[in-house]
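Take a look at the structure below.
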Amino acid sequence: MENEYKQQEEGLSWMELNRVKDRLRAEKKKKPEMTSEEESYLYFLFLVEQNAENKIMIDSRSYSIWFKNHQRDTKEGLIREIMRLDDRIKELKGQRNYIIFFAVLTLIYVIGVLIS
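With our numbering, the residue at position 92 of the sequence shown is 105, and numbering never jumps.
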């Protein structure tokens, strides 16, 4: 059984292991008369559940990579997305300035034609 614990623990980060231990502590508080055998079984179940959650996350990440929306998942991807949107806003502001310039120029031309 100890070997199975090691196998399940190897795939988890320290944060995920602490999450499993916190859940185990919460269960101990709910049921203080828990035997060590029940405790070890519950710990093993929580480890397996955490590994299953990780597998689901990895599968969904590979699914998102397949459909090319994985870049939004990371901090770097979010920063790249913000920079791209910022550049797009600058382009639109420049286009707006050109539109205003040509609208004023057209207005001056129309007024000049009407006066003459």
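Glycine is no exception: its CB is placed at the ideal position from the N, C-alpha and C atoms. Model, not experiment: these values are computed from the prediction.
V33 classed as buried or exposed, judged by whether at least 16 other C-beta atoms fall within 10 angstroms = With at least 16 other beta carbons inside 10 angstroms of its own, V33 counts as buried.
- Boundaries of the alpha helix (DSSP H) in which M28 is found, first to last residue: Element bounds for M28: W27 to K43.
> Leaving out the 5 sequence neighbours to the left and right, which residues in its chain are closer than 7 Å to E40 when beta-carbon positions are compared?
Replying inline: Excluding sequence neighbours, E40 sits near L55.
Exercise for the section: Report the three-state DSSP secondary structure of S129 (helix, strand or coil). Expected result: S129 falls in the coil class under three-state DSSP.
Is the separation between the beta-carbon of E23 and that of L60 shorter than 8 Å?
No. Outside cutoff.
Original post:
L25 and Q63: beta carbons closer than 8 Å?
Top reply: The Cβ-Cβ distance between L25 and Q63 falls below 8 Å.
Self-check item: Candidates L30, E50, V123 and F114: closest to N67 by CA position
Solution: With distances taken between Cα atoms, N67 lies closest to L30.
Legend entry - Straight-line gap, S49 to K19 (C-alpha atoms, nearest Å): Per the coordinates, the alpha-carbon of S49 lies some 18 Å from the alpha-carbon of K19.
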